[in-house]
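Q: The sequence shown: position 246 = 246 (full-length UniProt numbering), numbered continuously.
Cβ coordinates follow ideal geometry from the N, Cα and C atoms, glycine included.
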Amino acid sequence: MHEQISTKIFERHTNPAKVVARIGLILLSTDEMGGDAFVSMMPKDKVSVFQTRIAYEYSGGGFSMPTSFRDVADTLPPAGRLDVLAFSCTSWTVAMGAEIVLSQLKEARTGIKYTSPAHAAVAALRQLKAKKIALLSPYELVLHRPLIPFFRENGFEITADGSFATSSGTENNSLRRESIFAAAKELTRHNLPDALLISCTAMPIVPHIDSLEREIGIPVVTSSQAMAWDALRLAGFRDPIDGFGRLLASGR
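#1: In the DSSP output, which residue or residues are listed as bridge partners for Asp161?
#2: Look at Leu196 and Gln225 and say whether their C-beta atoms are less than 8 angstroms apart.
#3: Beta-carbon within less than 6 angstroms of Gly35's beta-carbon, same chain only, minus the 5 sequence neighbours each way: which residues are those?
#4: What's the gap between the Cα of residue 254 and the Cα of Val206?
#5: Counting contacts by CB-CB distance shorter than 8 angstroms, is Thr159 in contact with chain C?
#6: Can you look up Lys106 in the DSSP assignment and give me helix, strand or coil?
#7: Thinking C-beta only, is Cys89 closer than 8 angstroms to Asp117?
#8: Could you give the first and the last residue of the continuous beta strand (DSSP E) run that contains Ala86?
#9: Leaving out the 5 sequence neighbours to the left and right, which residues in its chain are closer than 6 angstroms to Ile198 when beta-carbon positions are compared?
#10: Beta carbon of Pro193, beta carbon of Ile112: below 8 angstroms?
#11: By the three-class DSSP mapping on this structure, what secondary structure does Leu147 have?
#12: Between the C-alpha atoms of Ser168 and Ala202, what's the straight-line distance to the nearest angstrom?
#13: Among residues of its own chain, excluding the 5 on either side of Arg81, which ones have a beta-carbon nearer than 7 angstroms to its beta-carbon?
#14: Quick check: the stretch 91-109 against the stretch 141-148, are there 3 or more CB pairs under 8 angstroms?
#15: Closest to Leu234 by CA distance: which of Lys8, Ala123, Leu76 and Val72 is it?
#16: Once you ignore the five residues that flank Glu178 on each side, which residues in its own chain have a CB closer than 7 angstroms to its CB?
#17: According to DSSP, Ser48 sits in a beta bridge with which residue or residues?
#18: Do the CB positions of Thr75 and Asp230 come within less than 8 angstroms of each other?
#19: In the DSSP assignment, what are the bridge partners of Thr75?
#20: Let me make sure I understand the geometry here. Which of Gly245, Phe164 and Ile100 has the alpha-carbon closest to that of Glu215?
#21: Whole angstroms are fine: how far does the CA of Gly236 sit from the CA of Glu107?
#22: Quick one: which unbroken alpha helix (DSSP H) runs of 4-plus residues sit fully inside the stretch 192-240? Chain order, please.
#23: CB-CB under 6 angstroms to Ala165, same chain, minus the five flanking residues each way: which ones, in chain order?
#24: By DSSP, does Leu128 sit in helix, in strand, or in coil?
#25: Assuming Met41 and Ile241 form a contact by the criterion Cβ under 8 angstroms, report the distance between their Cβ atoms to the nearest whole angstrom.
#26: Note down, in chain order, each residue of its chain lying with its Cβ closer than 8 angstroms to the Cβ of Val19, except the 5 sequence neighbours on either side.
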């Protein structure tokens, strides 16, 4: 017969949480860039980002998923432990319909705030008081072209647009800084937009936003940067953040 062991219960002393915002981020399974870019803009020790991924199928400009946003959101911290749920794909949001995506996010996790790069870009451009924009994306034309009516319907004039016409997320991730800067300069040189919008969270542009703004002389809004700005705003974090363009430096 085993001797009974008395388990000692220790007194608990806890520290108050320093984190002021908790963000759930849903990435595409093929996006190798967006998660790191998003986290790089978050204030350290003040914001926690919980990442998960969604598998999908793509054909001819249309997206479908074998699971649901609800199933994917269930892999994130439970109710009461998230402030914002963000879906990290611009082209999918526009192709499916921005309001449909927003509705599906609300069904996936009720009672919090929601954003996507498309919703965030609209809010960010309005924050910067931009009315005329140049648009750059990496997408093949079947995905690039729907961006134009989307932003026009949200009140923006497109002064020029261009694309790298890539066919995969891997190509998007691999675009060189020099190529992006050259395209940005060509789109903004003669058309005098108020801002440049660079679509796609997989574009490797976030570390270079400040440099690009200095070279072209106007604000640059990118998918990941706009979504970071919007998620922080929705979570109530409004302090300026330097190093990622005028949008984040302006506060929220």
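A: The relevant details are as follows:
#1: Leu135
#2: no
#3: Leu27 and Gln51
#4: What the structure shows of the chain is the stretch from 1 to 252, and residue 254 is not part of that stretch, so it cannot be assessed.
#5: Annotation note: the requested chain C is absent from the structure, which comprises a single protein chain.
#6: helix
#7: What sits at residue 117 in the sequence shown is Pro, not Asp. Going by C-beta atoms, Pro117 is nearer than 8 angstroms to Cys89.
#8: Val84 to Phe87
#9: Leu136, Ile205 and Thr222
#10: no
#11: helix
#12: 10 angstroms
#13: Arg22
#14: yes
#15: Ala123
#16: none
#17: Arg22
#18: no
#19: Paired residues: none, contrary to the question.
#20: Gly245
#21: 22 angstroms
#22: 209-216 and 223-235
#23: Glu140
#24: coil
#25: 6 angstroms
#26: Asp45, Lys46, Val47 and Ser48
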